[in-house]
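Some notes on the structure that comes next.
Number of protein chains: 2
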Amino acid sequence: MNDNNLPGLPIGAVERETGLSKDVLRVWERRYGFPSPLRAGNGDRLYPPEQVDRLRLVKRLLDQGLRPNRVVRLETRQLQQLLAEQLPDPGPETEHTLLELLQEGRPQAIAHHLQHQLATDGVQRFVTGTLVRSNQAVGMAWARGRITIFQEHLYSEQVQNVLRQAMSVLPQRQERPRVVLTTLPGEIHSLGLLMVQAVLLLHGAEVRSFGTQMPVTEVVAAVRRHQADVAALSFSAAFPATQAVEGLAALRDLLPATVGLWAGGAGLRSVRQPPEGVDVIDPLEQLVERLQRWRSARPGYPG
Amino acid sequence: MNDNNLPGLPIGAVERETGLSKDVLRVWERRYGFPSPLRAGNGDRLYPPEQVDRLRLVKRLLDQGLRPNRVVRLETRQLQQLLAEQLPDPGPETEHTLLELLQEGRPQAIAHHLQHQLATDGVQRFVTGTLVRSNQAVGMAWARGRITIFQEHLYSEQVQNVLRQAMSVLPQRQERPRVVLTTLPGEIHSLGLLMVQAVLLLHGAEVRSFGTQMPVTEVVAAVRRHQADVAALSFSAAFPATQAVEGLAALRDLLPATVGLWAGGAGLRSVRQPPEGVDVIDPLEQLVERLQRWRSARPGYPG
DNA sequence: TTCATAGTTTGTCCTGGACAAAGTCGTCCT
DNA sequence: AGGACGACTTTGTCCAGGACAAACTATGAA
C-alpha cells in the first residue's frame, strides 16, 4: 500500500500531461493568478487534478488560436463553452453513432464502424471528409465533457489500425513524386501523417514515411539519401506555430531548391505568412491538386 | 532565402531532440563543463550540432544505466565505444541483411524482410526473439555510427506496419484476462506496446490498447469502464526509471486490488525494487507464463 | 481600404541556489 | 562470507524573479 495520496501533481508531471512547459505554468501563475497550485512542505508546487483538467482545456483553446489573456482566467464551464464555439463543428448529428460506440467502449465495434465507412466512401472521401469530421466530433465531445481522454485515445488507435490496413491493401505504384513524410521533434500526433500517407499512396505517389519526431537535419539527410522530390511535414494543432515556421524555414534553407517542401495540418492555421518556398496545403483535399500540379510541371515523369 | 545559418540550436530545440531537459543541460554545463554551448548576442545558449550529437550518445548511455559522472565528459569516440560495450549484443552477423537493407533505404524491402521472418518464425518467436534481436542490432548500428536516426525511424515504421498487419489477421478470441494496455505520459516509443499486444493477442487475451501517453487517472478510468482484469504498462529504455516507479505506485494505489498491474520493458531494468503489487515482466517471454499463471489462479475463466 | 508604426502580450531563456531521492561505500554484526 | 545499516556523494528537479525578442493588436496616415 503506497502513500500516494498526494493532493496534486508536481510541475513536471503537469508539463507532461498538459503540454504546457514549466516556464509557462510558472509565468501564468505570476501574471494571471492561475493556475494557483498548492505547495508541498519544501515549497514545490502541487497542482490539484481540477486545475490540471482546466489547464488541458486552456491548452486546447490556445491551440485554436486564442490568446492566454482572454482564456487563462476563465472557469472550466466557460472554457468548455468557448471551446465548443471555437472548434469546427461537424454538424449536429453527424457522428452520433460513433460517439455512442466510444461511450460503450467496444474497440471492435468502433473499428468495424470505421471500416464500414471506409468501404462506403472509398479512401479519398473517407480520409479527407469522413475522418476529418469524425476527428472534429471527437474533439468536440471531449470539450463538452461527453467523453474522456482514454476514449479519445481508443478512437485514434482504431483509426490508426483502419488506415494502416487500408494502405497495406493499396497497390504501391511508386510513381513520382517520391515524398519523404514526417513531423518535426515535439510533435506527438501521428494521425495526420497517416492521413496524408493514405492520400498520397492512393494517387500513386511513392511515400516514404518516417513516423514522428525527425530533427531537421535528419529530414535533409533522408531526402538526399532517398533522392526524394518532395519533403512533406505534418503539424497538429497542438504544435506551436512558431516552432513550425522556424523548422520549415530551416528546412527550406537546407534542402536543395529543386526539392519541394509541402506542409499541412491544423498547426499552420494560425500562420499568416509561411516562409518562402514552402507550400502550405490545407485542407487535405488540396493535396491532390498539389500533386497533379507537381506532375504537370514535370512532364518527364509518368503519372 | 532565409538566414537560418545559425551556429547552433537553442536550448529548447536541444531538449526536444535529445530528451534531456533544459534544467539538466544547464546543470551539466555547470558541473561537468559539458555541454559548452556558444552564446547568442543576448546570452542565449546555442548548441553546435556536434554537441547535440554527443548529447544523444550520452543520453543513450544513461538509458543503459550508467551515471553522468562517468559519461558526460567523454568524447564522441569514447562514447560510441562504451555504448557498444554496454548495449546487449545480438551476436556478430545476426542481422547483417537487415542492416544492409536499411543502408540501401528501400522500405519495401525492409518490410518484406520482416514479413519473411515473421512467416518463418511465427508470431511468438518473431516478436520475442527475432524482433528483439533486430532492435538491438539497429540500436548497436546507430551507436557505431553505421546508420543514422532517419534510418532507425524507417525501421520502426516498417516494424509497426508488419506487426499491425499480423495482428489484424489474428483471431480475436476475447478470452480472459481483459488487458488495458498503454504507456504513461512522457513515453514516446510505441513499439514495445505493439509487441506486447501481439503476444497477448496470440494467446487469446482480450487486449484493449490505448496507445501511448495515458495519464494515471485515465488508466484507472479506462480499467473501470472496460472492466479490465489487468492493466499493462510498457516502458522503453528512454523512460526515466524514477517516473516509472512513481507512476506504477500511484496506479497500484488507485486500482482495485483485484486488478492486476503488469509492467515491462527496458525502462524497468534499472529498478531494484518495484512497488508492491506490481508484476514486472521481463523479458517478454515471461508474459506468456504470467498469462497462464493468471488463468490457472482463476479456474472460472475459460482458456 | 492598405500599410507602416507604436504599444502590449507572451513564450522562452537566464542565473544561481537549494534539496530530496537514489546510488555508493565502508563498517559492523551475524 | 553476507547482509544490514548509516554516512557520504551524485543527480534531477524545482524555485525566484528578471529580461527580452517575436508575435500580436491598435492606431493613424496614405
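First to last, the sequence lines map onto chains A and B.
For the first sequence, my numbering begins at 71 and goes up steadily by one.
For the second sequence, my numbering begins at 71 and goes up steadily by one.
Positions of the beta carbon are idealized from the N, C-alpha and C atoms, including for glycine.
Predicted model, so just to flag it, every value in this text is computed and none were measured.
Contacts of residue i in chain A (Cβ-Cβ under 7 Å)
i       : result
E87(B)  : P255 and P285
H223(B) : F280, G281 and M284
8 Å Cβ cutoff met for residue i and residue j
i       : j       : result
T253(A) : S279(A) : no
V300(A) : G335(A) : no
V290(A) : L261(A) : no
A314(B) : V341(B) : yes
L354(B) : M210(B) : no
R124(A) : L153(A) : no
Q362(B) : Q178(A) : no
E316(A) : A275(A) : no
Q221(B) : P255(B) : no
E332(A) : D352(A) : Checking the displayed sequence, the identity of residue 332(A) turns out to be Trp instead of Glu. No.
S238(A) : Q235(B) : yes
E257(B) : F309(B) : yes
L224(A) : G175(A) : yes
V122(A) : T146(A) : no
7 Å CB neighbourhood of residue i in its chain, flanking five on each side removed
i       : result
P118(A) : P77, G78 and L108
D114(B) : P80
V277(B) : V249, L251, Q267, L270 and L271
G373(B) : Residue placement at G373(B) cannot be trusted, given a pLDDT of 45 that sits under 50; what the coordinates show is reported in the next sentence. If we look at G373(B) and ignore the five residues flanking it on each side, its Cβ neighbours are E245, R246, G274 and R365.
S204(A) : E165 and L168
A320(A) : V286
Chain-ordered neighbours of residue i on chain A, where CB pairs are closer than 9 Å
i       : result
H183(B) : Near H183(B) there are no residues of chain A at all, since even the closest Cβ is about 16 Å away, more than 9 Å.
R214(B) : Ordered by position in chain A, no residue passes the 9 Å Cβ test against R214(B), which lies about 17 Å from the chain.
P119(B) : T287
R234(B) : Q230, N231, R234, Q235 and S238
E99(B)  : Ordered by position in chain A, no residue passes the 9 Å Cβ test against E99(B), which lies about 18 Å from the chain.
E355(B) : None at all; the shortest Cβ gap to chain A is about 25 Å.
Simplified DSSP state of residue i, which is helix, strand or coil
i       : result
G373(B) : Bear in mind that the predicted position of G373(B) carries a pLDDT of just 45, short of 50, making it unreliable; the figure below should be weighed with that in mind. Here G373(B) sits in coil by DSSP.
T282(A) : coil
L340(B) : The sequence as given places Ser at residue 340(B); Leu does not occur at that position. Coil at S340(B), not helix or strand.
P158(A) : coil
P255(A) : coil
L324(A) : helix
P247(B) : strand
I217(B) : coil
L331(B) : strand
R143(B) : coil
A311(A) : helix
E346(B) : coil
R115(A) : strand
P77(A)  : coil
R109(A) : strand
Per-residue contacts from residue i into chain B (C-beta, under 7 Å)
i       : result
G175(A) : R295 and H296
E288(A) : T218, I219 and F220
A292(A) : F220
N-terminal and C-terminal residue of the beta strand (DSSP E) that residue i is part of
i       : result
V300(B) : V300 to S304
L271(B) : Unbroken run through L271(B) is the alpha helix (DSSP H), L261 to L272; no beta strand (DSSP E).
D349(A) : D349 to I351
Other residues of its chain near residue i: CB distance less than 8 Å, five sequence neighbours each side excluded
i       : result
L116(A) : L76, P77, G78, L79, P80, P107, L108, R109 and A110
L149(A) : R124, L127, V128, L131 and V141
N231(B) : A181
L263(A) : L251, T252, T253, S279, G281, T282 and S304
S91(B)  : E85
A207(A) : P160, T164, E165, L168 and L169
L318(A) : L303, L331, A333, P344, P345 and V348
Where residue i meets chain B, residues with beta-carbon distance less than 9 Å
i       : result
N112(A) : Result: empty, since nearest Cβ-Cβ is about 16 Å, beyond 9 Å.
Q178(A) : Q242 and Q244
R258(A) : Here the sequence assigns Ile to residue 258(A), which means Arg is not the residue at that position. Under the 9 Å cutoff, chain B gives I258, T282 and Q283.
S306(A) : Near S306(A) there are no residues of chain B at all, since even the closest Cβ is about 13 Å away, more than 9 Å.
6 Å CB neighbourhood of residue i in its chain, flanking five on each side removed
i       : result
I217(B) : L172 and A211
T312(A) : none
The alpha helix (DSSP H) enclosing residue i, as first and last residue numbers
i       : result
L357(B) : Q356 to S366
L171(B) : H166 to E174
T190(A) : P177 to D191
A83(A)  : I81 to T88
L95(A)  : K92 to Y102
Residue i CB to nearest heavy atom of the ligand FMN below 7 Å
i       : result
G215(A) : Of ligands this structure carries none, so the ligand FMN is not represented either.
Chain B residues whose Cβ lies nearer than 8 Å to that of residue i
i       : result
E227(A) : S279, F280 and G281
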